[in-house]
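> Questions regarding the structure given below will be posed in turn.
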Amino acid sequence: MTATTGGTAGWEPAERRPGGGPGGGPGDLPNGDPEGPTGGRPDRPAASRRLLAWLVDFSVVVAAAVGLGFLTYHRIAGLVTDVPALSERGVWQLLTSRGDVLEAAESLGVSVWGSIVLAVQQAFAALIAFAFLYHFLCVAFGGRTLGKALADLRVVPEPDGATQGGRVPRRRAALRAAVTTVADVATFSVACCLLVDGQFLLSVLCWAVAVALFWANALPAAGGRGRSLADRLAGTAVTGGGLLRAAARVTADGGRAAWQASQQAGQRVGQAGQQVGRQLGQQAGRIGRQVASSDRGRAALDRARSAARRRRHAGDDGDGGAGSGSGSGAGDGAAV
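According to my numbering, the residues represented by the sequence shown are 788 to 1123, in order.
Quick look at the structure:
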């Protein structure tokens, strides 16, 4: 800043730089904040949009779970109906049990059931990996998942002095994806695996933990600044993508442009109508003058004038006859 020797009376504001106040610091906007009065923090989107985004993303995970379930079913069906493989395993169990048929049958059943449980556990592990990769890749490279894109939301870094807006760093995206996957998919998957493996009490406990984690991650997103547990741990936030505002702005601009265009078109149509009317009037006048100046026109005009004079003379004669008749009648009455 520069100042004169006359104290603060001659004090002049320094030139503001694009980055903020003097020296590139904040100061262009209220409260000395380069991002506005919210302190540089992203605006909180509506809870309904967050819910819509979560439903779409969860539907993607459910679709993957359905596909994995279909593949796992066919794996189990192939495992159970593979007679040659079962025969080989049965003979091996019979030989290792030294001819004990009951022990061999029990061992064969346990072996088949273990293969089925392993197939189910592998399917849940693949589902967990899919959910993590889905959230991580979408946020790290696109800043939004499919659901957030449909709801016009975006994941951005929480301003902390080192990172300001822009794309989410991969480390934060990985941490956010991990927490989201654990809260939404992983813990429930572990509970299902424990249940299939026969550990009922641990499965119930894991289900309780899964429900608690789910609500611990979801409830903070519905209040306060709208940051879920995953956002808080990863240092991210969810904000509006600006697409809806841009669409509304474009729609408003288009409406105003259409209204102005309709007004201009109406004015042009009115001016064209007036011009056409003047041209038609001028043309009709020229035609009338041409007709009047022609021989036939003059003859017709003369006949019309003669007819008018005859009618006027006939009217004068009728008025004179009526006056004379009334005068003679009055004289005869006086003579009597």
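Ideal Cβ positions, reconstructed from N, Cα and C, are used throughout, including at glycine. None of these values were measured; they are calculated from a predicted model.
Distance, Cα to Cα, arginine 959 vs valine 991?
Translated into positions along the sequence shown, residue 959 becomes position 172. Translated into positions along the sequence shown, residue 991 becomes position 204. Cα to Cα, arginine 959 sits roughly 32 Å from valine 991.
> Thinking C-beta only, is glycine 1022 closer than 9 Å to alanine 834?
Within the sequence shown, the letter at position 47 stands for residue 834. Within the sequence shown, the letter at position 235 stands for residue 1022. No, the Cβ-Cβ distance between alanine 834 and glycine 1022 is not below 9 Å.
> Can the beta-carbon of threonine 967 be found closer than 9 Å to that of serine 902?
Residue numbering aside, residue 967 sits at position 180 when the sequence shown is read from its first letter. Residue numbering aside, residue 902 sits at position 115 when the sequence shown is read from its first letter. No, they are not a contact pair.
> Quick check: the Cα distance between alanine 852 and arginine 836, rounded to an integer number of angstroms?
To locate residue 852, count along the sequence shown from 1; it is residue 65. To locate residue 836, count along the sequence shown from 1; it is residue 49. Their backbone Cα atoms lie some 24 Å apart in a straight line.
> On the three-state DSSP scale, how would you describe arginine 941?
Locating residue 941 in the sequence shown gives position 154, where the first residue counts as 1. Strand, per DSSP.
> Hey, could you find the ends of the beta strand (DSSP E) valine 1025 is sitting in?
Your numbering for residue 1025 matches position 238 in the sequence shown. It spans 1023 to 1027 - the beta strand (DSSP E) in which valine 1025 sits, taken as one unbroken run.
> If you check the beta carbons only, do valine 983 and glutamine 909 fall under 9 Å apart?
Working through the sequence shown from its first residue, we reach residue 983 at position 196. Working through the sequence shown from its first residue, we reach residue 909 at position 122. Their beta carbons are not under 9 Å apart, which means valine 983 does not touch glutamine 909 by this criterion.
> Run the CB neighbour count on histidine 861, radius 10 Å, all protein chains shown included, and call it buried at 16 or more, exposed below.
Looking up residue 861 in the sequence shown gives position 74. With fewer than 16 other Cβ atoms within 10 Å, it is exposed.
> Is it the case that the Cβ atoms of alanine 970 and alanine 1003 are separated by a distance below 9 Å?
Reading the sequence shown from its first residue, position 183 is the one you call residue 970. Reading the sequence shown from its first residue, position 216 is the one you call residue 1003. The answer is yes: Cβ separation under 9 Å.
> Do valine 943 and alanine 1024 have their C-beta atoms closer together than 9 Å?
Within the sequence shown, numbered from 1, the residue matching residue 943 stands at position 156. Within the sequence shown, numbered from 1, the residue matching residue 1024 stands at position 237. Yes, these two residues count as a Cβ contact at 9 Å.
> Measuring straight from C-alpha to C-alpha, what distance separates phenylalanine 845 and alanine 1052?
Start at 1 with the first residue of the sequence shown, and residue 845 comes out as number 58. Start at 1 with the first residue of the sequence shown, and residue 1052 comes out as number 265. Each residue's alpha carbon lies about 51 Å from the other.
> Shortest alpha-carbon distance to valine 972 belongs to which of Cys993, Arg1076, Val867 and Glu945?
Mapped onto the sequence shown, residue 972 falls at position 185. Nearest option by C-alpha distance: Cys993.
> Less than 9 Å between the beta carbons of arginine 963 and glycine 1027, yes or no?
Position 176 of the sequence shown, counted from the start, is the residue given in the question as residue 963. Position 240 of the sequence shown, counted from the start, is the residue given in the question as residue 1027. Cβ distance not < 9 Å, so arginine 963 and glycine 1027 don't count as in contact.
> Where do the N-terminal and C-terminal ends of the alpha helix (DSSP H) with alanine 864 fall, by residue?
As a position in the sequence shown, residue 864 is number 77, starting the count at 1. Unbroken alpha helix (DSSP H) run through alanine 864: 834 to 868.
> Just the C-alpha distance for alanine 1059 and arginine 1065, rounded to the nearest angstrom, thanks.
Position 272 of the sequence shown holds residue 1059. Position 278 of the sequence shown holds residue 1065. Distance between the alpha carbons of alanine 1059 and arginine 1065: 10 Å.
> If you run the structure through DSSP and keep just helix, strand and coil, what is alanine 913?
Numbered from 1 along the sequence shown, position 126 holds the residue referred to as residue 913. Helix.
> Check proline 1007 in the structure and name its three-state DSSP category.
The residue labelled residue 1007 in the question sits at position 220 within the sequence shown. Helix at proline 1007.
> By a C-beta neighbour count over all protein chains shown, 10 Å radius and 16 as the cutoff for buried, is serine 1113 buried or exposed?
Counting from 1 along the sequence shown, the entry for residue 1113 is found at position 326. Any answer about serine 1113 is weak, because its pLDDT of 49 lies below 50 and its placement is not dependable; what the coordinates show is given next. It is exposed - the Cβ of serine 1113 has fewer than 16 other Cβ atoms within 10 Å.
> Just the Cα atoms here: how many angstroms apart are alanine 1086 and tryptophan 1046?
Translated into positions along the sequence shown, residue 1086 becomes position 299. Translated into positions along the sequence shown, residue 1046 becomes position 259. Alanine 1086 and tryptophan 1046: Cα-Cα distance of roughly 57 Å.
> Between valine 848 and the rest of its own chain, which residues show a CB-CB distance below 8 Å, the 5 nearest in sequence each way excluded?
The sequence position of residue 848 within the sequence shown is 61, counting from 1. Result list for valine 848: Leu914, Phe917, Ala918, Tyr921, Asp971 and Val972, in chain order.
> Would you grab the beta carbon distance between leucine 989 and leucine 981 for me? Rounded to a whole angstrom, and I think it's under 8 Å.
Numbered from its first residue, the sequence shown carries residue 989 at position 202. Numbered from its first residue, the sequence shown carries residue 981 at position 194. Sure, about 5 Å apart at Cβ, within 8 Å.
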